[in-house]
Ligand code: NAP
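Residue numbers (the numbering used here): 5 to 336.
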């Protein structure tokens, strides 16, 4: 978002020993530590972070018979490109996503019908409670929609060092979502064509970071798509009917729940693409992206817009929207 103050201390760790040394330093100085990946899904407070920011810069990719292990500091999209070039299927729909490999399992990133939990076989982590390096299996991670133990029950306990994926050699691309199916019609695209299509679709929505696209000065989707129970969904349908809308977009979710696109709720609450609030605003190409519209927005501008939207969506539909980016350095 190009927003936020400075870190009191910053280190980019290139080795596992660097990480241990940085943690020792923080412990000696009694500093809070924030573990950073690529920095694309964070909102940093204007005051900055009064502690140590530890960026995981571990590099390296190894591939053998479709089993690929990448260091937590590898660039995610370059890693996806590496796999697609080797004709390994399983990550092609996750093209164009900013950030690092180590962040992928944290919220179980997903897009266009693929989630990393489908292909992750192991996550190598540093357990901060025992100071041991261990390997967690897919089941250990308890993956669910945009969630894992890393952002729920065991939040803050582990640093992801490397991730292993089991991909399908010469596999077919996953064409599950309407946007992608529409793009190809009856054609049978290759993995690389699918990757390029995903990037093209994301770019149209300003969801690929580009220096020449001010609408991409965002943290991607700012709110999670809410998953609600049937009673809440019926309430949304009732409110929509009063607005003269008889079709609320929705998708089935686990435990008989319903997923409603957050973008739809925001639009029907009165905020469209391009809405402006001071130096912040909604992307002109995607309702769900809060952008640093002017280029010199402050974190406080983004927070003001976030709160306005949350209040209005709750007032309209009785649904709480939860932000997806991590808030760093805010006092609450
Ligand atoms: P979109 O494609 O307009 O979809 C909006 C919502 O509708 C999402 O909740 C999506 O579910 C759901 N949806 C659409 N088609 C579906 C289908 N065939 N079956 C089930 N659910 C369906 O969303 P967008 O904002 O432009 O984003 C494109 C993709 O990137 C989406 O898959 C979105 O989830 C993903 N994304 C992921 C992250 C993340 O991992 N943190 C951040 C931003 C965007 P899903 O969310 O299950 O796909």
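We treat Cβ as the ideally placed atom computed from N, Cα and C, and that holds for glycine.
Between the Cα of residue i and the Cα atoms of the options, which residue gives the shortest distance?
{"i": "residue 239", "options": "293, 302, 323, 156", "result": "323"}
{"i": "residue 14", "options": "28, 37, 24, 5", "result": "37"}
{"i": "residue 420", "options": "59, 219, 294", "result": "The first residue shown for the chain is 5 and the last is 336, placing residue 420 beyond what the model contains."}
{"i": "residue 210", "options": "278, 174, 169, 248", "result": "278"}
{"i": "residue 149", "options": "99, 212, 115", "result": "115"}
{"i": "residue 212", "options": "25, 45, 23, 19", "result": "45"}
{"i": "residue 56", "options": "207, 12, 16", "result": "12"}
{"i": "residue 261", "options": "268, 236, 245", "result": "236"}
{"i": "residue 99", "options": "43, 204, 138, 284", "result": "204"}
{"i": "residue 300", "options": "267, 222, 226, 268", "result": "222"}
{"i": "residue 183", "options": "198, 145, 314, 175", "result": "198"}
{"i": "residue 283", "options": "306, 276, 267, 268", "result": "306"}
{"i": "residue 135", "options": "155, 25, 43", "result": "25"}
{"i": "residue 267", "options": "225, 308, 241, 298", "result": "225"}
Could you compute how far the alpha carbon of residue i sits from the alpha carbon of residue j?
{"i": "residue 32", "j": "residue 84", "result": "39 Å"}
{"i": "residue 62", "j": "residue 21", "result": "11 Å"}
{"i": "residue 228", "j": "residue 190", "result": "32 Å"}
{"i": "residue 71", "j": "residue 93", "result": "11 Å"}
{"i": "residue 118", "j": "residue 171", "result": "12 Å"}
{"i": "residue 91", "j": "residue 126", "result": "21 Å"}
{"i": "residue 274", "j": "residue 142", "result": "41 Å"}
{"i": "residue 5", "j": "residue 185", "result": "31 Å"}
{"i": "residue 166", "j": "residue 73", "result": "7 Å"}
{"i": "residue 247", "j": "residue 289", "result": "24 Å"}
{"i": "residue 208", "j": "residue 108", "result": "23 Å"}
{"i": "residue 310", "j": "residue 120", "result": "28 Å"}
{"i": "residue 168", "j": "residue 124", "result": "6 Å"}
{"i": "residue 302", "j": "residue 215", "result": "19 Å"}
{"i": "residue 231", "j": "residue 263", "result": "4 Å"}
{"i": "residue 265", "j": "residue 319", "result": "17 Å"}
{"i": "residue 187", "j": "residue 249", "result": "28 Å"}
{"i": "residue 157", "j": "residue 23", "result": "23 Å"}
{"i": "residue 28", "j": "residue 217", "result": "41 Å"}
{"i": "residue 234", "j": "residue 280", "result": "34 Å"}
{"i": "residue 286", "j": "residue 220", "result": "11 Å"}
{"i": "residue 69", "j": "residue 18", "result": "27 Å"}
{"i": "residue 245", "j": "residue 269", "result": "14 Å"}
{"i": "residue 164", "j": "residue 47", "result": "21 Å"}
{"i": "residue 296", "j": "residue 66", "result": "37 Å"}
{"i": "residue 315", "j": "residue 308", "result": "11 Å"}
{"i": "residue 258", "j": "residue 30", "result": "41 Å"}
Bridge partners of residue i, per DSSP?
{"i": "residue 263", "result": "231, 255"}
{"i": "residue 66", "result": "73"}
{"i": "residue 166", "result": "75, 128"}
{"i": "residue 327", "result": "227"}
{"i": "residue 16", "result": "59"}
{"i": "residue 280", "result": "285"}
{"i": "residue 158", "result": "According to DSSP, which records beta bridges pairwise, residue 158 is partnered with nothing at all."}
{"i": "residue 114", "result": "119"}
{"i": "residue 104", "result": "79"}
{"i": "residue 139", "result": "128"}
Does any residue of chain B bring its CB to less than 7 Å from the CB of residue i?
{"i": "residue 266", "result": "Of the protein chains in this structure there is only one, and it is not chain B."}
Using C-beta distances below 8 Å, list every residue in its chain close to residue i, excluding the 5 sequence neighbours before and after it, in chain order.
{"i": "residue 133", "result": "161"}
{"i": "residue 193", "result": "177, 179, 201"}
{"i": "residue 81", "result": "99, 100, 101, 102"}
Output needed for residue i: all residues of its chain with C-beta closer than 7 Å, excluding positions within five of it in sequence on either side, in chain order.
{"i": "residue 151", "result": "111, 112"}
{"i": "residue 195", "result": "88, 91, 93, 96, 177"}
{"i": "residue 138", "result": "129, 131"}
{"i": "residue 271", "result": "291"}
{"i": "residue 49", "result": "8, 9, 303, 332, 333, 334"}
{"i": "residue 206", "result": "100, 212"}
{"i": "residue 174", "result": "91"}
{"i": "residue 43", "result": "none"}
Short of 6 Å in beta carbon distance, which residues of its chain neighbour residue i, apart from the five on each side in sequence? Order them along the chain.
{"i": "residue 243", "result": "321"}
{"i": "residue 53", "result": "11, 38, 332, 333"}
{"i": "residue 35", "result": "55, 56"}
{"i": "residue 64", "result": "75"}
{"i": "residue 16", "result": "59, 61"}
{"i": "residue 40", "result": "57, 59"}
{"i": "residue 298", "result": "283"}
{"i": "residue 147", "result": "112, 121"}
Is there contact between the region 247–255 and the region 323–334, where contact requires at least three CB pairs shorter than 8 Å? no
On the three-pair Cβ rule with 8 Å, is the region 96–116 touching the region 74–81? yes
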